[in-house]
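Everything below concerns the one structure shown next.
Residue numbers (full-length UniProt numbering): 1 to 352.
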């Protein structure tokens, strides 16, 4: 790279070539690299990439040498060249294969952090041509499995190659990154020794990460369940009472549904306290049972109102000729678990 190179070409048998037409072209592009005719260099058809960089070696022309010198060798100069010579109707050609190579810098190693229960090690090396190979070796010289390497090319056509490997506790001794040029049969190598505490911290880091994710998920689910419980409670309190199903709590009126003790998973559940008293859609039987309760209260000397220990709203309804209230347990179920419980009084309103 950057040096001069001479592409050989000569006539056989040897003869003076100073009066001949000599043209060097690129096989890939079929364009003129250098043109010589009757002792003059002609640049009108020359490829732009070779302007000011080529010359025919004049010292050997008289002996039939048609050598071409290219200065400042670049990666783009790599390839096949064709040397052509003509003399009137006579024409001949020969091919020359130019291989450009460059050896890059020593690999640079660095730590990329903890990943997958180990330490991630990064390797990069620049200034190579053609594209080299990158591989990892342990202390015994064994190849280690790694991620596929990536590469990029700069403006001059030189390659930079990058690779990564995750080292776990099973890898002992120094770790080596090797960058190899198959064309030059040369390689560059750098090594790194990872201390045991780094590998131990990698395991700890993984445990902490899993724990943090679990805690975060638990908090999220708890808050979501609490929000759904509040929304369900607000929805229940906002429902209008159906005929015969007016329920008076100390804080207001709510609708009481039906179902087993949280057997349905979520919803409202009621549990009867007084045997023989039905709760739900209040029909005639429910009205008679509640009336019987009021009668029993009066027989025992109670007034049917104050002895029940009812809220003021319930007493007002009783004063209007309503049956006495039925005490029940009121449960709010969510996810199969009792979230709220209270004692309420069911006032069965007469049907119209």
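Backbone N, C-alpha and C fix where the C-beta goes; we use that ideal spot for every residue, glycine too.
Rounding to the nearest angstrom, what Cα-Cα distance links residue i and residue j in this structure?
| i | j | result |
| --- | --- | --- |
| residue 60 | residue 39 | 13 Å |
| residue 19 | residue 90 | 13 Å |
| residue 41 | residue 152 | 38 Å |
| residue 161 | residue 88 | 51 Å |
| residue 215 | residue 228 | 20 Å |
| residue 144 | residue 150 | 17 Å |
| residue 57 | residue 102 | 25 Å |
| residue 22 | residue 77 | 20 Å |
| residue 190 | residue 173 | 14 Å |
| residue 135 | residue 4 | 32 Å |
| residue 80 | residue 47 | 15 Å |
| residue 165 | residue 50 | 42 Å |
If you run the structure through DSSP and keep just helix, strand and coil, what is residue i?
| i | result |
| --- | --- |
| residue 215 | helix |
| residue 41 | strand |
| residue 29 | coil |
| residue 49 | helix |
| residue 227 | helix |
| residue 221 | helix |
| residue 2 | coil |
| residue 77 | helix |
Quick check on this structure: which residue in the options has the alpha carbon closest to the alpha carbon of residue i?
| i | options | result |
| --- | --- | --- |
| residue 10 | 130, 115 and 24 | 24 |
| residue 155 | 140, 173, 139 and 129 | 129 |
| residue 380 | 55, 123 and 63 | Since the first residue of the chain shown is 1 and the last is 352, residue 380 is not available in this structure. |
| residue 181 | 47, 165, 132 and 163 | 132 |
| residue 139 | 63, 14 and 193 | 193 |
| residue 29 | 106, 45 and 68 | 45 |
| residue 6 | 97, 164 and 141 | 97 |
Ends of the beta strand (DSSP E) at residue i?
| i | result |
| --- | --- |
| residue 150 | 150-153 |
| residue 133 | 133-137 |
| residue 166 | 159-167 |
| residue 118 | 118-128 |
| residue 69 | 68-70 |
| residue 180 | 175-181 |
| residue 113 | 108-115 |
Taking 8 Å as the CB-CB limit, is residue i close to chain C?
| i | result |
| --- | --- |
| residue 168 | No chain C appears in this structure, which consists of one protein chain only. |
If residue i sits next to residue j, beta carbons under 8 Å apart, how far is it from one beta carbon to the other, in whole angstroms?
| i | j | result |
| --- | --- | --- |
| residue 112 | residue 125 | Incorrect: roughly 16 Å between the Cβ atoms, too far for contact. |
| residue 82 | residue 99 | Actually they are not in contact, since the Cβ atoms of residue 82 and residue 99 sit about 16 Å apart, beyond 8 Å. |
| residue 353 | residue 14 | No information on residue 353 is available, as it lies outside the stretch 1 to 352 that the chain covers here. |
| residue 54 | residue 69 | 7 Å |
| residue 95 | residue 27 | 7 Å |
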